[in-house]
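Engineer: Line order of the protein sequences matches chains E and D.
Just so we're aligned: the first sequence equals residues 1 to 275 in our numbering.
Just so we're aligned: the second sequence equals residues 1001 to 1256 in our numbering.
Take a look at the following structure, please.
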Amino acid sequence: VIVNVQRGGPSTGVPTHVSQGDVMQARWGTHGDHSIVALTASNHQDVFAMTVEAFNIAETYRTPVILLFDEVVGHMRERLEIPEPGEIPLVERLRTAVQGGVDYHPYLPREDGRLPMSDFGDVHRYNVTGLVHDMWGFPSDNPKIVHGLLRHLVDKIENNAGQMARYKTFYLEDAETVLVSFGSAARSALHVVEYLRPRGEKIGLLELQTLWPFPADVVRVLQRGHLHGGGGDEHGPGVPDGQDDRAAPGAGVSGQPHRRGVHHPRGHPQHTAPD
Amino acid sequence: MAVKDYIRQRFFPHLWCAGCGHGIVLNGLIRAVEKLGMSRNEMVMVSGIGCSSRISGYMDFHTLHTIHGRALAFATGVKLSKPELNVIVPMGDGDALSIGGNHFIHAARRNIDITAIVMNNRIYGMTGGQYSPLTGPGIMATTAPFSNIDQGFDVVEMARAAGATFVARTTTYHVQQMADIIRAAILARRLFGGGGDEPVPDLLRPQEQAGRGRGDDEAHEGGHHAHRIEGQGREPGADRAGDLRAGGKARVLQRV
């Protein structure tokens, strides 16, 4: 589980102002084909919950999970109620039932794609490597094995995107306009929604908590309704603009690289929201 | 237990070139472990990247092949998690002292009972003969075609200065001594008791010098790099720095 509390970049950037510019880095920041899980939160209670969630997802899918918070959430102080142990369900690591001395295949997926583990240094001696490897963990450049491993690494995430989708909704029942936001920007978005509601605007908020794999189904459902996104309420690129129904599944993101909150607090003139 | 029982025969033949000293280190390591009567289940081998790092996969221990230069960091994690296991970290000179230079000095400073082995051939071999921080001045490399101008580290002095409590150096010419030193290094923690220590034998291998041709990198066979040491390489015996460090005893007789 990797925690990235985003501030303005690039490089050492503008310390310590807020930004959300690492969304694409989280997704594509390593070489090769892979999938990744990235979660975020807009308040401290959710930071706590999402951190637990990150470990649960990491244990379930045996994958790195990135917590993609931002500087505002990272530096502010607010109330946090720490739950009692057991209050939040914890995923126990799936361990192998294979006895010591029996040929154990640490990288042979079960039918459901999961890999029962043996604790490193315990009864099974196996090889762990960053190289593409076979079911024993031995390096291989056999095309079938390479393909199988890559397929596994991608599918175990992408096929379970629905299970990993975490989000919160506000005032969506009759909303004709829905803001889509995440992180500290979602707090501002909620403020706007609650300001406009008493003034007769049928407006709601979808707060994303899973950024990757992108919860495309959730957004697609909204798109069939009355989503008027246009971005504009996030600090950086990488949030669905909700305008393009033709976008390929999972590709419903529009980078708006000039919409950095730091430099363009009212949005870049080239990307003014239609509404 | 026979030597062959310590290796994963499924993994062989190894990828090391003819004339390489890595196999001699592997041999010394197996003999040391055998002599100590340690079971394979209580041994952990953690390595980084490079030819030297493939040594871990060949051993039938708990083996962890990690990222370049960070083997000692992973090994620290393993040792903290399971202190009852013997943790051995084979590294190349580039792996240990360049990419992993910071991990090296801090592992020595922390001194938490890890046996680190620097297999020093003074070059990046797998990638085609680039100079490393231990190459030393006046030595040819593919990235130093007019010879290297930088001073090399003295890895033994560096380890001592950083706080390592058992430091030894030998060469792959001294085959018996290799096994003895590795055995002493593994044992050292017991001699030093609960305080722990950081044994760092520097296994100097002056016969493996610079001058591997660029084309070598392309000479794959079954996924293995097949390096040859080509004619433009320095004469093995001409390794003055290596001879000096080994007290002049390591005159290399092996030619390829």
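Even for Gly, the Cβ is constructed at its ideal location relative to N, Cα and C.
Run the CB neighbour count on E/Phe69, radius 10 Å, all protein chains shown included, and call it buried at 16 or more, exposed below.
Structural biologist: Counting Cβ neighbours within 10 Å, E/Phe69 comes out buried, since at least 16 surround it.
Engineer: Distance cutoff 7 Å, beta carbons only. Does E/Gly130 sit that close to anything in chain D?
Structural biologist: Yes - at least one Cβ of chain D is within 7 Å of the one on E/Gly130.
Engineer: Quick one, are the C-beta atoms of D/Val1044 and D/Phe1074 less than 7 Å apart?
Structural biologist: It is not a contact, given that the beta carbons lie outside the stated cut-off.
Engineer: Would you verify that the beta carbon of E/Asp245 is, or is not, closer than 7 Å to some beta carbon of chain D?
Structural biologist: Bear in mind that a pLDDT of 40 at E/Asp245, under 50, signals an unreliable position, so the number given afterwards is only what the model happens to contain. Taking Cβ atoms only, chain D never reaches closer than 7 Å to E/Asp245, which makes this a no.
Engineer: From the DSSP secondary-structure annotation, give me the bridge partner or partners of E/Asp69.
Structural biologist: Note that residue 69 of chain E is Phe in the sequence shown here, rather than Asp. Beta-bridge pairing links E/Phe69 to E/Val5.
Engineer: Report the option in E/Asn127, E/His152, E/Leu206, E/Ile157 whose CA atom is closest to the CA atom of D/His1065.
Structural biologist: Taking only the C-alpha atoms, the option nearest D/His1065 is E/Asn127.
Engineer: Look at the Cβ atom of D/Lys1079, then the Cβ atom of D/Val1089, and state whether they are nearer than 7 Å.
Structural biologist: No, Cβ-Cβ distance for D/Lys1079 and D/Val1089 is not below 7 Å.
Engineer: Check the Cβ-Cβ distances between D/Ile1067 and every residue of chain E, and say whether any is below 7 Å.
Structural biologist: Yes, its Cβ sits closer than 7 Å to a Cβ of chain E.
Engineer: Would a check of beta-carbon distances place E/Gly101 closer than 7 Å to chain D?
Structural biologist: It does not; no Cβ of chain D falls within 7 Å.
Engineer: Is the Cβ-Cβ distance between E/Glu173 and E/Lys202 less than 7 Å?
Structural biologist: Not a contact, by the Cβ cut-off of 7 Å.
Engineer: Give, in chain order, every unbroken run of the beta strand (DSSP E) that is at least 3 residues long and sits entirely within the region 1043-1110 of chain D.
Structural biologist: The qualifying runs are 1043-1047, 1062-1065, 1086-1092.
Engineer: Where do the N-terminal and C-terminal ends of the beta strand (DSSP E) with D/Met1119 fall, by residue?
Structural biologist: Taken as a continuous stretch (DSSP letters only), the beta strand (DSSP E) holding D/Met1119 covers 1115-1120.
Engineer: At a cut of 8 Å, does the region 200-219 of chain E reach the region 5-19 of chain E through at least three beta carbon pairs?
Structural biologist: No, the region 200-219 of chain E is not in contact with the region 5-19 of chain E.
Engineer: Considering just the uninterrupted stretch of the alpha helix (DSSP H) at D/Val1155, what are its terminal residues?
Structural biologist: From DSSP, the alpha helix (DSSP H) with D/Val1155 extends over 1155-1162.
Engineer: Counting only C-beta atoms, is E/Asn127 closer than 7 Å to chain D at any point?
Structural biologist: So yes, E/Asn127 belongs to the interface.
Engineer: Alpha carbon to alpha carbon, how far is E/His152 from E/Leu131? Give it in angstroms, no decimals.
Structural biologist: Cα to Cα, E/Leu131 sits roughly 15 Å from E/His152.
Engineer: Is the beta carbon of E/Ala38 sitting closer than 7 Å to the one on E/Leu211?
Structural biologist: For E/Ala38 and E/Leu211, yes; Cβs fall inside 7 Å.
Engineer: Which residues, in order along the region 98-123 of chain E, keep a beta-carbon less than 9 Å from a beta-carbon of chain D?
Structural biologist: The region 98-123 of chain E vs chain D, Cβ under 9 Å: Gly100, Asp119, Phe120, Gly121, Asp122, Val123.
Engineer: Taking only runs of the beta strand (DSSP E) that begin and end inside the region 20-97 of chain E, which ones reach a length of at least 3 residues, in chain order?
Structural biologist: DSSP runs (the beta strand (DSSP E)) wholly in the region 20-97 of chain E: 37-39, 65-70.
Engineer: Is it right to say E/Pro10 is buried, meaning 16 or more other beta carbons lie within 10 angstroms of its own, or is it exposed?
Structural biologist: The residue in question, E/Pro10, is exposed, as its Cβ has fewer than 16 Cβ neighbours within 10 Å.
Engineer: Who are the near neighbours of D/Thr1143 in its chain, counting only those whose CB is closer than 6 Å to its CB and skipping five residues on each side?
Structural biologist: If we look at D/Thr1143 and ignore the five residues flanking it on each side, its Cβ neighbours are Gln1130, Tyr1131.
Engineer: Take D/Cys1051 as the anchor and find which of D/Ile1186, D/Cys1017, D/Ala1168 has the nearest alpha-carbon.
Structural biologist: D/Cys1051 has its Cα closest to that of D/Cys1017, out of D/Ile1186, D/Cys1017, D/Ala1168.
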